Amino acid sequence: MHETIDIVGQGQYEYMEHVSKEPTNFMPGMTSLQGSFFILGFGGGRWPQVVNIWDCGDDGWEGWSRNLDRLNLKRRNTFYRDWWDEASQWRTGGYDRVCAGVQGSPSTAEITKKGIKGSLFINEVFNVQPGEQLSFLNAVVDKRVPVMEDYKVFPTGLWEVTTNTHEVVMVWATTVCDWTTMRKNLDTTRDLDDTGVADERLVENQKLLASYVVSGDTQLMTPLPGTVYGPSDWEEANE
Numbered sequence: 334m335h336e337t338i339d340i341v342g343q344g345q346y347e348y349m350e351h352v353s354k355e356p357t358n359f360m361p362g363m364t365s366l367q368g369s370f371f372i373l374g375f376g377g378g379r380w381p382q383v384v385n386i387w388d389c390g391d392d393g394w395e396g397w398s399r400n401l402d403r404l405n406l407k408r409r410n411t412f413y414r415d416w417w418d419e420a421s422q423w424r425t426g427g428y429d430r431v432c433a434g435v436q437g438s439p440s441t442a443e444i445t446k447k448g449i450k451g452s453l454f455i456n457e458v459f460n461v462q463p464g465e466q467l468s469f470l471n472a473v474v475d476k477r478v479p480v481m482e483d484y485k486v487f488p489t490g491l492w493e494v495t496t497n498t499h500e501v502v503m504v505w506a507t508t509v510c511d512w513t514t515m516r517k518n519l520d521t522t523r524d525l526d527d528t529g530v531a532d533e534r535l536v537e538n539q540k541l542l543a544s545y546v547v548s549g550d551t552q553l554m555t556p557l558p559g560t561v562y563g564p565s566d567w568e569e570a571n572e
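Using our numbering, count along the sequence shown one by one with no gaps and you end on 572.
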């Protein structure tokens, strides 16, 4: 589950900490928080917003069904209504996307096993030609992922949105330095910069996107420390 939350003021920090204490995180068979992020305003995109990513479990639709049932007629009488009430002070609403990964999209266990970590995350929500979600994502796995990984930009989610026929979500873990290097090299290859190293593979990746994607947004996100792939703590500000 990929959810975008509209945040009140500077409430992103308190809200993300609150999300990490959501009771289902500690309940067998229920969703667990894979990651929580705030949208980095200087990186492009609408803010203040938080993105939460929930793992419904290894049993796929059955796990999703258990959580849907929990939030259906049972929600009004659930024992943790106080958690929802408290969350409302930091958020005004949100938008959920029910996602399913393709082959090559790592599970939470695989992310942990590989030791994937990031201090900057890339959130890509794209519209492709209707019916082309899987074809596009499979092409991403085959052609784009190897190049991105060479730049230390690692996929943590390559998903089709199951509630329509045109949306895909791709999330990547990296650092500010590594993402900047890739962007400089792309622009150097396009003769728009001279501070990087030309790499035609980056242009080919852009052509791949252009052949499928009709619209969408790329946002940069700051991860909550202590999650599956987040850093251990916030960084000190010396400037």
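Built from N, CA and C at the ideal position, the CB exists for glycine as well.
None of the values given here were measured: they were computed from a predicted structure.
C-beta contact flag for residue i and residue j at 8 Å
{"i": "PHE340", "j": "PRO381", "result": "A small correction: the amino acid at residue 340 is Ile; Phe does not occupy that position in the sequence shown. For ILE340 and PRO381, yes; Cβs fall inside 8 Å."}
{"i": "VAL461", "j": "MET334", "result": "no"}
{"i": "GLY559", "j": "THR507", "result": "no"}
{"i": "VAL494", "j": "PHE454", "result": "no"}
{"i": "THR513", "j": "PRO463", "result": "no"}
{"i": "SER365", "j": "ASP388", "result": "yes"}
{"i": "ASN400", "j": "VAL435", "result": "no"}
{"i": "GLY427", "j": "GLY390", "result": "no"}
{"i": "GLU500", "j": "VAL458", "result": "yes"}
{"i": "GLU533", "j": "THR521", "result": "no"}
{"i": "MET515", "j": "LEU535", "result": "yes"}
{"i": "GLY437", "j": "VAL474", "result": "yes"}
{"i": "TYR545", "j": "PHE469", "result": "yes"}
{"i": "GLY549", "j": "TRP423", "result": "no"}
{"i": "TYR484", "j": "ASP511", "result": "yes"}
{"i": "VAL509", "j": "ASN518", "result": "no"}
Identity of the residues DSSP links to residue i by a beta bridge
{"i": "ASP388", "result": "SER365"}
{"i": "PHE454", "result": "ALA506 and MET554"}
{"i": "ASP613", "result": "Not covered by the structure: residue 613. The range shown for the chain is 334 to 572."}
{"i": "ARG424", "result": "ILE340"}
{"i": "SER548", "result": "ASN460"}
{"i": "HIS335", "result": "ILE386 and ARG430"}
{"i": "PHE359", "result": "Its beta-bridge partners do not exist; DSSP assigns none."}
{"i": "PHE371", "result": "VAL383 and THR555"}
Cβ-Cβ separation, residue j to residue i (assumed contact under 8 Å), whole Å
{"i": "TYR562", "j": "ILE449", "result": "5 Å"}
{"i": "PRO488", "j": "PRO439", "result": "7 Å"}
{"i": "GLY378", "j": "GLN552", "result": "4 Å"}
{"i": "PRO356", "j": "TRP416", "result": "6 Å"}
Residue from the options whose Cα sits closest to the Cα of residue i
{"i": "ALA420", "options": "ASN471, LYS354 and VAL458", "result": "LYS354"}
{"i": "PRO556", "options": "GLN367, VAL473, VAL478 and ASN538", "result": "GLN367"}
{"i": "SER369", "options": "VAL384, THR521 and GLY377", "result": "VAL384"}
{"i": "VAL502", "options": "SER544, GLN466 and ARG534", "result": "GLN466"}
{"i": "ALA433", "options": "LEU491, GLY549, ASP520 and ARG534", "result": "LEU491"}
{"i": "MET554", "options": "SER544, ASN456 and GLY342", "result": "ASN456"}
{"i": "ILE372", "options": "HIS351, ASN358, ASN405 and THR337", "result": "THR337"}
{"i": "ASP429", "options": "THR496, ASP402 and VAL478", "result": "THR496"}
{"i": "GLY342", "options": "GLY374, THR411, ASP524 and PHE412", "result": "GLY374"}
Minimum length 3: unbroken beta strand (DSSP E) runs contained in the segment 456-505 = 487-494
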